[in-house]
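Below you'll find the structure, written out as structure tokens, and then a few comments.
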Amino acid sequence: MPMKQNITAIIYDKRGAILSIGKNSYVKTHPLQARYANKVGLSKKVFLHAEIDAIIKCKDISKAFRILIVRTLANGATGCAKPCPICVEGIKQTPIKRIEHS
38 MPMKQNITAI IYDKRGAILS IGKNSYVKTH PLQARYANKV GLSKKVFLHA EIDAIIKCKD
98 ISKAFRILIV RTLANGATGC AKPCPICVEG IKQTPIKRIE HS
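Quick note: the sequence shown uses this note's numbering, first residue 38, plus one each step.
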């Protein structure tokens with residue numbers, strides 16, 4: 038069985054204050070995840086991605102400036118956490134100006 042990934046996305050304001058933290062899920066779905074997945078032609082990717090989870094949880098998305106995405110591997114090391122096309126589409130719908138990833 039393939040290892041499940043632990044991905045975390047953190048949204049910050051311009052001053053560096055954390056606005057929200059999102060985690061990927063292999064069981065939860067959300068209409069926003071499904072909408073962006075359909076928009077980029079990946080309609081089967083309905084399980085919640087960390088970036089979309091952070092966007093959903095952000096109480097004041099108008100203050101969002103930067104998002105940091107980190108993938109933690111089973112051995113504790115970090116892996117590539119470049120946002121997928123679904124998450125890029127979701128981020129484009131926010132005021133986030135900087136995307137950082139490991």
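C-beta: ideal position from N, C-alpha, C; glycine also.
Quick caveat: nothing in here was measured; it's all calculated off a predicted structure.
Neighbour-count burial assignment, residue i, 16 or more Cβ in a 10 Å radius
i, result
"Tyr-73", "buried"
"Ser-57", "buried"
"Ile-137", "Inspection of the sequence shows that residue 137 is occupied by Glu rather than by Ile. When all chains shown are included, Glu-137 counts as exposed."
"Ile-89", "buried"
"Ala-46", "buried"
"Gly-78", "exposed"
"Pro-68", "exposed"
Selected residue, minimal CA-CA separation from residue i, among the options
i, options, result
"Ser-99", "Pro-68, Gly-78, Thr-131 and Cys-117", "Thr-131"
"Pro-120", "Gly-113, Val-64, Asp-97 and Ile-104", "Ile-104"
"Lys-175", "Lys-129, Val-64 and Ile-55", "Nothing about residue 175 can be reported from this structure: the residues present for the chain run from 38 to 139 only."
8 angstroms Cβ cutoff met for residue i and residue j
i, j, result
"Ile-48", "Ala-91", "yes"
"Phe-102", "Ile-123", "no"
"Lys-94", "Gly-59", "yes"
Cβ shell of residue i (< 8 angstroms), same chain only, five flanking positions each side left out
i, result
"Thr-115", "Val-107, Arg-108, Thr-109 and Ser-139"
"Val-83", "Thr-66, Gln-70, Ala-71 and Ala-74"
Beta-bridge partners of residue i, as assigned by DSSP
i, result
"Thr-109", "Asn-43 and Thr-115"
"Ile-58", "Ile-47"
"Glu-137", "Leu-105"
"Thr-66", "Phe-84"
Nonlocal neighbours in the same chain, by C-beta distance under 7 angstroms from residue i, ignoring five residues either side
i, result
"Lys-76", "Glu-126"
Residues near residue i in its chain [Cβ-Cβ closer than 6 angstroms; skip 5 each side]
i, result
"Asn-61", "Ile-44, His-86 and Ala-87"
"Asp-50", "Leu-56, Lys-100 and Phe-102"
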